[in-house]
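Novice: Dropping the structure in here first, questions after.
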Amino acid sequence: MIISWVTTLEPGSRTVLYGTSKHNLNRSAKGKLTRYKFYNYTSGYIHHCTIKKLKFDTKYYYAVGTEETMRKFWFTTPPKSGPDVPYTFGLIGDLGQSFDSNVTLAHYESNSKAQAVLFVGDLTYADNYPYHDNVRWDTWGRFVERNLAYQPWIWTAGNHDIDFAPELGETKPFKPYSQRYPTPYKASGSTAPYWYSFKRASAYVIVLASYSAYGKHTPQYTWLRAEFPKVNRSETPWLIVLMHAPWYNSYYYHYMEGESMRVLYEPWFVKYKVDLVFAGHVHAYERTVSGQTTLSSSNHQSRVLRSSAQSNTPILMRNLICYSLVAA
Ligand SMILES: [Fe+2]
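Heads up: the sequence shown is residues 1 to 328, going by this note's numbering.
Laid out in structure tokens, this is it:
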């Protein structure tokens, strides 16, 4: 489990105290500290601490900070993987930090069964503000803490997480995102934090990076080609893939942005029988009805765009925007 937190004025303690009893945090793990600058912004002290060798399916209490600044939370570790092990994921993407963002998070929180969030990219939308106002990365962390401190969120990188701004002298993509939201990518043999995989209960989850190179011979392509044959469907019968830009989208906005990745990777998805693909990016609701692709959303009139009979796309993979998933 990776625990991350920020201290604003001083580095403070790097240590996480934890234990299975609320009143006896008898173990500790030491984390790492990082800071970054983005144009005229300097971050607080960003702590990341990985706690290893935890027991499956166990509630742990933990604390960060010391004395009067100490804050206590808890999390439950996932169960051991197996074909019949139930698990409930929530699915959130394109969250931001508006009134609607709060409605979305509150809706997720109202489901008491939910154990982890599959987050399909676009976290803070800080890049919509002057100089990519990185204070918004801080405020977003405060906003989601109420859930994120108690259960794992699985990160996918979106276009609003790139923060490539050469006009500000910021030429390293994903700087705030990668400094603040680490992923366990090395465990799956990945060479970058933006694409990786993990097993969770009866599911095998592959996270792809829509905004990292994915063409033939790139690191992501080579990794994914080797990854699919590793999935043991007897152990994890559900095969789920996350990405930010959807491959199938007939909405006018972001139209065909996922097309080149689809051309490259779709044959593998079909061959290896991917069950579910979740993506974000397109803020519209779309579904197939009676052999036609129809589009509807709250602020645009419904209209039939094209017949799915013209496409070889499996129906299974066409309904991309869902809200929650019970993987059991
Ligand atoms: Fe997006």
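Each residue gets a CB set at the ideal place from its N, CA and C atoms; glycine is no exception.
(1) To the nearest angstrom, report how far apart S296 and E286 are at their CA atoms.
(2) Are the segment 183-197 and the segment 68-87 touching, with three or more C-beta to C-beta distances below 8 Å?
(3) Which term fits V103, buried or exposed, when burial requires 16 or more other beta carbons within 10 angstroms of its beta carbon?
(4) Does F269 come out as helix, strand or coil in the three-state DSSP assignment?
(5) Could you spell out where the alpha helix (DSSP H) holding L276 opens and where it closes?
(6) Can you look up T50 in the DSSP assignment and give me helix, strand or coil?
(7) Which same chain residues, not among the five before or five after W5, have their C-beta less than 7 Å away from its C-beta?
(8) Helix, strand or coil: which one does DSSP assign to T69?
(9) Taking 6 Å as the limit between beta carbons, can you name the residues of its chain near W153, skipping five residues before and five after?
(10) When a residue counts only if its C-beta is closer than 5 Å to some heavy atom of ligand 1, which residues count, in chain order?
(11) At the level of alpha carbons, what is the spacing between T15 and A29?
(12) Comparing alpha-carbon positions, which option in K32, L54, Y150 lies nearest K72?
(13) Please identify the residue among W155, E167, L242, S250 whose C-alpha is closest to the C-alpha of I2.
(14) Can you list, in chain order, the residues of its chain whose CB lies under 8 Å from that of N159, leaving out five sequence neighbours each side?
(15) Quick one: what does DSSP say T7 is sitting in, helix, strand or coil?
Specialist: Put simply:
(1) Bear in mind that a pLDDT of 48 at S296, under 50, signals an unreliable position, so the number given afterwards is only what the model happens to contain. C-alpha separation (whole angstroms): 6 Å.
(2) no
(3) exposed
(4) helix
(5) Per DSSP, L276 belongs to no alpha helix (DSSP H); it is in the beta strand (DSSP E), 276-278.
(6) strand
(7) H47, V64
(8) helix
(9) V117, F119
(10) Answer in sequence order: D122, G158, N159, H281.
(11) 6 Å
(12) Y150
(13) W155
(14) G121, D122, S210, Y211, H244, A245, H281
(15) strand
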